[in-house]
Amino acid sequence: MKIFITGVAGFLGSHLADAMLAEGHEVIGCDNLIGGYRDNVPAEVDFYESDCNDFEKMKELLKNVDIVYHTACTAYEGLSVFSPKLVAENTYLNSVSMASAAIANNVKRFVTCSSMARYGTQEIVPFTENMICKPQDPYGISKFSAENVLRNLCEIHGMELVIAVPHNIIGPRQKYDDPFRNVASIMINLMLQGRQPIIYGDGMQKRCFSFVQDDIDCLKKLAFQDNVVGEVINIGPDEEFVTINHLAETLAKLMDFELHPIYMPGRPQEVKLATCSADKARRLLGYQTKYTLEQGLSKMIDYIRERGAKPFIYHLPIEIYSEKTPKTWSEHLF
Ligand SMILES: NC(=O)c1ccc[n+]([C@@H]2O[C@H](COP(=O)([O-])OP(=O)(O)OC[C@H]3O[C@@H](n4cnc5c(N)ncnc54)[C@H](O)[C@@H]3O)[C@@H](O)[C@H]2O)c1
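Under our numbering, the residue at position 81 of the sequence shown is numbered 144, and the numbers go up by one with no gaps.
Rendered as structure tokens:
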């Protein structure tokens, strides 16, 4: 099959490309390098440094493509409150552009990555796919709006759609010099520089992290299995819930680091308890985790250590400065 992966220089996109290539598929991909790293892209990928919002280019690149796997996004939930235009353009608008280009080329299936931000705050946890979505920030709203417009276009024009909802996936190739995203990578980069991790709020926010290799197999199956067409499926575990404080403690233990975290005021709209059910993924995709949190974190530490700790780069514009803007960003504290 010929598979087009958007965001192929990103974390999930590049791992997916490896998985598809390993199965003998032809992989072509694009990334505008607003995030990700150029050297994440596997050498065998036919790579274009292009923006999904460049519709004419996308239309040209998608010729004879069987499957589009859309991972490209500025997946910055916290930042989206302060840079909504940037995030909407690269979450909602780029999805419309890709869907339109795919339909124009008679692509068979479109797999898109949504986010657990689609659920917002719910009375009941873990979140299940059939819940009424109540996204509460521009990122979550853009993701959910993208799902809706994709569903609409796919129904009208007869393209298969699958919606993956990855959550809290960690591993090598995550951008670790990015001050706006990827809490575990940020903490490792700071600790390697001998600096204390910064924690928003009281650190009691609970998350359920999973190691990328545990999720890639499921994500890959979404491109091929018949029983997933039209479905929304959470991708990630529901077994080992940890607080952000615990994450910092575990990293400190693994890195033999004397921990005294710096606590900063919480970020607006941050969901306290965000966990997703993996029942549907178990049922439809045979989802099973193999890596413990410590094993996953150890692999990330090795990866970042090998590449070397790096200063944080404030590479994205902040559109709205106010007293609510986290000081970590407005005063470049990372
Ligand atoms: N990693 C997770 O745990 C997680 C959780 C929830 C949702 N997701 C979703 O999965 C997808 C992949 O996430 P990731 O963690 O690999 O993120 P990532 O930032 O590592 O990768 C996204 C890539 O998309 C590229 N990109 C952004 N806008 C683009 C555009 N307009 N045109 C071309 N390229 C563009 C970036 O440069 C980046 O390389 C995203 O849609 C994200 O919202 C991931």
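The beta-carbon is built from N, C-alpha and C at its ideal position, and this holds for glycine as well.
Beta-bridge partners assigned by DSSP to His133: Thr69 and Thr175. Ligand 1 approaches Asp94 closely enough that one of its heavy atoms is under 7 Å from the residue's Cβ. Annotated as proximal: Thr134 and Leu75, with beta-carbon spacing under 8 Å.
Under DSSP, the beta-bridge partners assigned to Lys197 are Gly183.
Rounded to the nearest whole angstrom, the CA to CA distance from Ile187 to Ala227 is 21 Å.
Following the DSSP letters along the chain, one finds Cys281 inside the alpha helix (DSSP H) bounded by residues Val275 to Lys284. With fewer than 16 other CB atoms across the displayed protein chains lying within 10 angstroms of its CB, Met267 is exposed. If you ignore the 5 residues before and after Met254, its C-beta comes within less than 8 Å of the C-beta of Pro260, Leu314, Ala315, Met318 and Phe320, all in its own chain and listed in chain order.
The three-state secondary structure of Ala164, taken from DSSP, is helix. Here Cys115 is near Met161, since their CB atoms are less than 8 Å apart. In this chain, Asp117 is not harboured by any alpha helix (DSSP H), its DSSP state being neither H nor E.
In this structure, the beta-carbon distance from Asp301 to Cys339 falls below 8 Å. Contact between Val128 and Val170 holds, with the beta-carbon distance rounding to 6 Å and staying under 8 Å.
Counting along the chain, Val246 sits inside the alpha helix (DSSP H) bounded by residues Val246 to Leu255. Listed in chain order, the non-local C-beta contacts of Ala341 below 7 Å within the same chain comprise Asn297, Gly299, Pro300, Asp301 and Tyr350, local neighbours out to five positions each way being set aside.
Annotation: the stretch 284-343 contains the following complete segments of the alpha helix (DSSP H) (minimum length 4 residues), in chain order: 307-318. In the three-state DSSP reduction, Cys271 falls in the coil class, being neither helix nor strand.
When the alpha-carbon of Pro189 is set against those of Leu336, Gly264 and Glu312, the nearest one is in Leu336. Remark: C-beta atoms of Cys271 and Asn231 approach each other more closely than 8 Å. Ile233 carries a strand assignment under DSSP once its states are collapsed to helix, strand and coil. If you check the C-beta of Ala372 against ligand 1, you find no heavy atom less than 7 Å away. Taking C-beta atoms under 8 Å as the contact rule, Tyr354 and Pro235 fail to qualify, at a distance of about 12 Å.
Taking all protein chains in view, the Cβ of Ser385 is surrounded by fewer than 16 other Cβ atoms within 10 Å, so the residue is classified as exposed. Going by DSSP, Asp109 is part of the beta strand (DSSP E) stretching over Asp109 to Tyr111. Collapsing the DSSP output to three states places Phe375 in coil. Straight through space, the alpha carbons of Ala209 and Glu140 are spaced by roughly 15 Å.
As for any beta strand (DSSP E) of minimum length 3 sitting wholly inside the stretch 74-103, the runs are 89-93, ordered along the chain.
In the structure shown, Ile261 falls within a strand segment according to DSSP collapsed to helix, strand and coil.
For Pro105, the shortest C-beta to heavy atom distance toward ligand 1 is 7 Å or greater. Distances between the C-beta of His378 and the heavy atoms of ligand 1 are all 7 Å or more. The closest heavy atom of ligand 1 lies less than 7 Å from the beta carbon of Phe74.
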